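Protein chains in written order, with the numbering used here: chain A, 57 to 384; chain B, 207 to 446.
Just so it is clear, CB atoms sit at the ideal spot from N, CA and C, and this is done for glycine as well.
Since we're looking at a predicted model, the values are computed, not measured.
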Amino acid sequence: MIEVLSPGPLSSLQDLGRHGFQRYGVGPAGAMDEWSHRLANLLVGNALDAATLEITLLGPTLRFHQPALIAITGADFTPRLDEQPVALGWPLRVVAGSQLAFGRRRCGARAYLAVRGGYAVAPVMGSRSTALRAGFGGFEGRALRKGDRLTVEPARERYAPLPPGPPAGFPPMDCPSPGPAPLRLLPGQQWAAFSTTAQQRLLGEAYVVHRNSDRMGYRLSGPALALVAPLDMVSEPVAFGTVQVPPDGQPIVLMADRQTTGGYPKIASVIGVDLPRLAQAIPGDTLCFTASTLAEARALDAERELTLRRLQREMTEFLETDECHASI
Amino acid sequence: MSAPVPYPAWRLETLGERCLMVAFPSTVDPAVNVAVHALAAALEPALPANCELVPAFSSLAIHWRPVPERDDPDWANSLSTQLQRLLAAGYQTTADSGREVTIPVCYGGDYGPDLAAVAAACGLTPDAVIARHAASPHRVYMLGFTPGFPYLGGLDPALALPRRATPRVSVPAGSVAIAREQSGIYTLDSPGGWHLLGRTPLALFTPQAASPCLLRPGDRVRFVPITPAGFTALAAGDAR
């Protein structure tokens, strides 16, 4: 069992989302940075869709009342285990009674804490993700609070003794960064309905992440994006990364807690492999965009899936090397 | 079988790299919406489990997720081919679900704080607004916005008003509201810019239930006025 000594401002259980229910108005939710979420899981030998704890900006303080194998990925909030700094992006053995705390934010917005076996909460509509606004799924349908007790699914307790850091040749698992490289965009359904000025602005000028940004959407401040003529649209489906533009001309990028449909014109969408970078942006960060193509986006997406599977195989072999089996 | 009905004019669009969308003319029209749901029904049996369909007023999205053990680089192309084949073939007319769902509503007062303003804006008495809302032939076009939120078409045109100038920060769950030619029922306490006519004690969304949503597309909805005492009694019992 893991006891929450202090929760942090927004720590919630998330997996790869609740799929198949958008037709009922149920948004997918799920990890904002799916890449870091999946890395955390593969580092401890979990299925990639096991729930992790998504930690926002300031970490919680947690006490482990049982031994565990954990991994932290994504944002660097200077985690410490019993006051000793711990490395991100590598599994870490925790003994019963240990306390995990976080300190100053070095980079990123969201860290992911995976525990071998996964957090034991009942799936709702096939997912352990917390639907924060609707109040279901995850841990009692809400962000963690002081005094909460998280149980862990039983897992095989034997695995290789772990070096303190990744072996040579193991790729670094840095936090995805919103800049300085531009985020790549595909044109949206209503791209052509926007003025040439608007199209050039979006691809040429800087936009700042507004403080009213959250898991639902990133509101951006910058040069206004205007339509050639007013559009009378009815609600249409939207996706993770859809960039929609309300009448004030300030774009909103829809994120994990997006609604299922929307009625604002869609000027673009952020390509899938760049969504983790955006998810790690915090209010005040400056973003730049550049044009991509569907072929490039699909190729990068496929390449990322292959990389992930390779890492998962390597890590599984590493955790299950027979000659060095040891107990927790 | 009767001759297939041709689909309305359509465009095939991409919504990011993991979604295709069929867009019919962007309109609130029962004929277009029937085509959306007919296409969804035709496509559904052939879809793999990593896909999900999202039918809206006049468009249908097909979202998918990568499947590690079965990678098909041509998946988007084969889906696109399949869609074009279905769209070219037309659809068999099927009646709507045929369900009529009765929704008790306590109109006005604290339950419907905008009733008087709506009546004034439409040049009607509050009772006439209630009568026209309850008598309108409401039909569920789609679910969206929040879990289980029904977008209903069919509102009496005499009640059509633009959205409120300033949306409310919080609208109570169960609120029955109107905007333009639509009605809706808020399923969660959520922000909202529609005019609140009343409230129902029924739960529109129950996440743990086998079918979590009270309503589904194609349903006809009949609103039945109830008193505050009736509301309290229903809310206290098993409203569903």
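Practice prompt. Scan the segment 345 to 361 of chain A for residues whose Cβ lies nearer than 7 Å to a Cβ of chain D and list them as they occur along the chain.
Written response: In the displayed structure, chain D is absent; the protein chains listed are A and B.
Worksheet item: Does the distance from the C-beta atom of A:Ala-165 to that of A:Ala-131 stay below 8 Å?
Response: For the purposes of this step, residue 165 of chain A is taken as residue 109 along the first sequence, with counting starting at 1. For the purposes of this step, residue 131 of chain A is taken as residue 75 along the first sequence, with counting starting at 1. Yes, Cβ-Cβ distance for A:Ala-165 and A:Ala-131 is below 8 Å.
Worksheet item: Does the segment 177 to 186 of chain A come within contact of the segment 57 to 72 of chain A, defined as at least 3 CB pairs closer than 8 Å?
Response: Segments in contact, yes.
Discussion item. For a contact defined as C-beta to C-beta under 7 Å, what are the partners of B:Ala-267 on chain A?
Written reply: Translated into the one-based positions of the second sequence, residue 267 of chain B becomes position 61. Within 7 Å of the CB of B:Ala-267, the CB atoms of chain A belong to Pro-293, in sequence order along the chain.
Discussion item. Taking 8 Å as the threshold (C-beta atoms), are B:Leu-245 and B:Leu-218 in contact?
Written reply: Working through the second sequence from its first residue, we reach residue 218 of chain B at position 12. Working through the second sequence from its first residue, we reach residue 245 of chain B at position 39. Cβ distance not < 8 Å, so B:Leu-218 and B:Leu-245 don't count as in contact.
Worksheet item: Taking the alpha-carbon positions, what's the B:Ala-441 to A:Gly-76 distance?
Response: Along the second sequence, one-based indexing puts residue 441 of chain B at 235. Along the first sequence, one-based indexing puts residue 76 of chain A at 20. Taking the straight line joining both Cα atoms gives about 30 Å.
Worksheet entry | DSSP-derived helix/strand/coil call for A:Phe-374 | Position 318 of the first sequence, counting from 1, holds the residue named residue 374 of chain A. Residue state for A:Phe-374 is assigned as helix, using DSSP reduced to three classes.
Worksheet item: Going straight from the alpha carbon of B:Asp-316 to that of B:Val-335, what length do you get?
Response: Taking the first residue of the second sequence as position 1, residue 316 of chain B is located at position 110. Taking the first residue of the second sequence as position 1, residue 335 of chain B is located at position 129. Straight-line spacing of the CA atoms in B:Asp-316 and B:Val-335 works out to 16 Å.
Item to complete: Please go through the same chain and pick out, in chain order, the residues whose beta-carbon is closer than 6 Å to the beta-carbon of A:Gly-332, but skip the five residues on each side of it.
Response: Here residue 332 of chain A is taken as the residue at index 276 of the first sequence, counted from 1. The question names Gly, but residue 332 of chain A is Pro in the sequence shown. Cβ within range, chain order: Asp-89, Trp-91 and Pro-232.
Worksheet entry | Test: B:Phe-351 CB closer than 8 Å to a CB of chain A | For this step, residue 351 of chain B is matched to residue 145 along the second sequence. With 8 Å as the cut-off, B:Phe-351 counts as an interface residue toward chain A.
Worksheet entry | For A:Val-180, the residue or residues it bridges with in DSSP | Within the first sequence, numbered from 1, the residue matching residue 180 of chain A stands at position 124. Note: A:Val-180 is bridge-paired with A:Ser-183 in the DSSP secondary-structure output.
Discussion item. Between B:Tyr-357 and chain A, is any beta-carbon pair separated by less than 8 Å?
Written reply: In the second sequence, counting from the first residue as 1, residue 357 of chain B sits at position 151. B:Tyr-357 counts as touching chain A.
Item to complete: Measure from the alpha carbon of A:Ala-211 to the alpha carbon of each residue in A:Ala-103, A:Trp-146 and A:Pro-116, then state which is nearest.
Response: Looking up residue 211 of chain A in the first sequence gives position 155. From the listed residues A:Ala-103, A:Trp-146 and A:Pro-116, the smallest Cα separation to A:Ala-211 is found for A:Ala-103.
Worksheet item: Along the chain, where does the beta strand (DSSP E) that runs through A:Ile-58 open and close?
Response: For this step, residue 58 of chain A is matched to residue 2 along the first sequence. Per DSSP, A:Ile-58 belongs to the beta strand (DSSP E) from 58 to 62.
Worksheet item: My guess is that B:Leu-330 and B:Leu-403 are in contact by the Cβ rule of under 8 Å, so how many angstroms apart are they, rounded?
Response: Indexing the second sequence from 1 puts residue 330 of chain B at position 124. Indexing the second sequence from 1 puts residue 403 of chain B at position 197. About 12 Å separates the beta carbon of B:Leu-330 from that of B:Leu-403, a gap too long to meet the 8 Å contact definition.
Fill in: Cβ-Cβ separation, A:Leu-343 to A:Ala-262 (assumed contact under 8 Å), whole Å
Counted from its first residue, the first sequence places residue 262 of chain A at position 206. Counted from its first residue, the first sequence places residue 343 of chain A at position 287. At roughly 7 Å, the Cβ-Cβ gap stays under 8 Å, so A:Ala-262 and A:Leu-343 are in contact.
Worksheet item: Does the distance from the C-beta atom of B:Ser-381 to that of B:Leu-361 stay below 8 Å?
Response: The residue labelled residue 381 of chain B in the question sits at position 175 within the second sequence. The residue labelled residue 361 of chain B in the question sits at position 155 within the second sequence. No, Cβ-Cβ distance for B:Ser-381 and B:Leu-361 is not below 8 Å.
Item to complete: Name, please, each residue of chain B whose Cβ falls closer than 8 Å to the Cβ of A:Ala-190.
Response: Along the first sequence, read from residue 1 onward, the residue named residue 190 of chain A stands at position 134. Near A:Ala-190 (Cβ distances below 8 Å), the residues of chain B are Thr-352, Pro-353, Leu-394, Phe-411 and Pro-413.
Worksheet item: If you run the structure through DSSP and keep just helix, strand and coil, what is B:Ile-336?
Response: As a position in the second sequence, residue 336 of chain B is number 130, starting the count at 1. Judged by DSSP in its simplified three-state form, B:Ile-336 adopts helix.
Fill in: Nearest candidate by alpha-carbon position, reference A:Val-171, set A:Asp-230, A:Leu-239 and A:Asn-97
Here residue 171 of chain A refers to the residue found at position 115 of the first sequence. A:Val-171 has its Cα closest to that of A:Asn-97, out of A:Asp-230, A:Leu-239 and A:Asn-97.
Item to complete: Taking B:Leu-393 and B:Leu-408 to be in contact with their CB atoms under 8 Å, please state how far apart those CB atoms are, rounded to whole angstroms.
Response: Here the question's residue 393 of chain B lines up with position 187 in the second sequence. Here the question's residue 408 of chain B lines up with position 202 in the second sequence. It is worth fixing the name first, because residue 393 of chain B is Thr in this sequence and not Leu. The pair is not a contact, with the Cβ atoms about 10 Å apart (cut-off 8 Å).
Practice prompt. Consult DSSP for B:Ser-264 and reduce its assignment to one of helix, strand or coil.
Written response: Counting from 1 along the second sequence, the entry for residue 264 of chain B is found at position 58. The DSSP-derived three-state label of B:Ser-264 is coil.
Worksheet entry | Contacts of B:Leu-259 in chain A (Cβ-Cβ under 8 Å) | Indexing the second sequence from 1 puts residue 259 of chain B at position 53. Residues of chain A passing the Cβ test: Arg-79.
Worksheet item: Applying a beta-carbon distance threshold of less than 9 Å, which residues of chain B neighbour A:Ile-327?
Response: Residue numbering aside, residue 327 of chain A sits at position 271 when the first sequence is read from its first letter. Residues of chain B whose Cβ lies closer than 9 Å to the Cβ of A:Ile-327 are, in chain order, Gly-222 and Glu-223.
Worksheet item: Hey, A:Ala-106 and A:Gly-174 are a contact pair by Cβ (cut 8 Å); roughly how many whole angstroms apart?
Response: Position 50 of the first sequence, counting from 1, holds the residue named residue 106 of chain A. Position 118 of the first sequence, counting from 1, holds the residue named residue 174 of chain A. Contact flag correct, Cβ pair sits at about 4 Å.
Worksheet item: Does any C-beta atom of chain B lie closer than 8 Å to the C-beta of A:Met-272?
Response: Walking along the first sequence from the start, residue 272 of chain A turns up at place 216. Taking Cβ atoms only, chain B never reaches closer than 8 Å to A:Met-272, which makes this a no.
Worksheet item: Whose C-beta lies closer than 6 Å to the C-beta of A:Arg-160 among residues of the same chain, with five residues either side of it excluded?
Response: Working through the first sequence from its first residue, we reach residue 160 of chain A at position 104. Excluding residues within five positions, the ones whose Cβ falls inside 6 Å are Thr-134.
Practice prompt. Starting from the Cα of A:Arg-10, find the closest Cα among A:Ala-176, A:Val-177, A:Cys-163 and A:Phe-120 and give me that residue.
Written response: Given that chain A is displayed from residue 57 to residue 384, the structure contains no residue 10 of chain A and the question cannot be resolved.
Worksheet entry | Candidates B:Ala-415, B:Leu-226, B:Glu-258 and B:Glu-250, of which the one nearest B:Asn-283 by Cα | On the second sequence, position 77 is the one that residue 283 of chain B refers to. Out of B:Ala-415, B:Leu-226, B:Glu-258 and B:Glu-250, B:Leu-226 has the C-alpha closest to the C-alpha of B:Asn-283.
Worksheet item: Are the CB atoms of B:Gln-414 and A:Val-301 nearer to each other than 8 Å?
Response: Walking along the second sequence from the start, residue 414 of chain B turns up at place 208. Walking along the first sequence from the start, residue 301 of chain A turns up at place 245. Judged by beta-carbon spacing, A:Val-301 lies beyond the 8 Å limit of B:Gln-414, meaning their Cβ atoms are not closer than that value.
Worksheet item: Whose Cβ in chain A lies nearer than 7 Å to the Cβ of B:Glu-219?
Response: Reading the second sequence from its first residue, position 13 is the one you call residue 219 of chain B. Contact annotation for B:Glu-219 against chain A: Gln-245 [CB-CB distance below 7 Å, chain order].
Fill in: Local Cβ density within 10 Å of B:Arg-405, reported as buried at 16 or more and exposed below that
Start at 1 with the first residue of the second sequence, and residue 405 of chain B comes out as number 199. Burial call: buried.
Fill in: Other residues of its chain near B:Ala-326: CB distance less than 6 Å, five sequence neighbours each side excluded
What you label residue 326 of chain B is simply residue 120 of the second sequence in a count that begins at 1. Hits under 6 Å: none found.
Worksheet item: In chain order, what residues of the same chain have a beta carbon less than 7 Å from the beta carbon of B:Val-375, not counting five sequence neighbours either side?
Response: Start at 1 with the first residue of the second sequence, and residue 375 of chain B comes out as number 169. The beta carbon of B:Val-375 is closer than 7 Å to those of Pro-397 in its chain, skipping five residues each way along the sequence.
Practice prompt. Would you list the one or two residues that DSSP bridges to B:Arg-523?
Written response: Since the first residue shown for chain B is 207 and the last is 446, residue 523 of chain B is missing from the structure and cannot be characterised.
Discussion item. Suppose only complete runs of 3+ residues qualify. What are the beta strand (DSSP E) ranges in the segment 210 to 294 of chain A, listed by chain order?
Written reply: Listed in chain order, the complete beta strand (DSSP E) runs (minimum 3 residues) inside the segment 210 to 294 of chain A are 239 to 243, 263 to 265 and 273 to 277.
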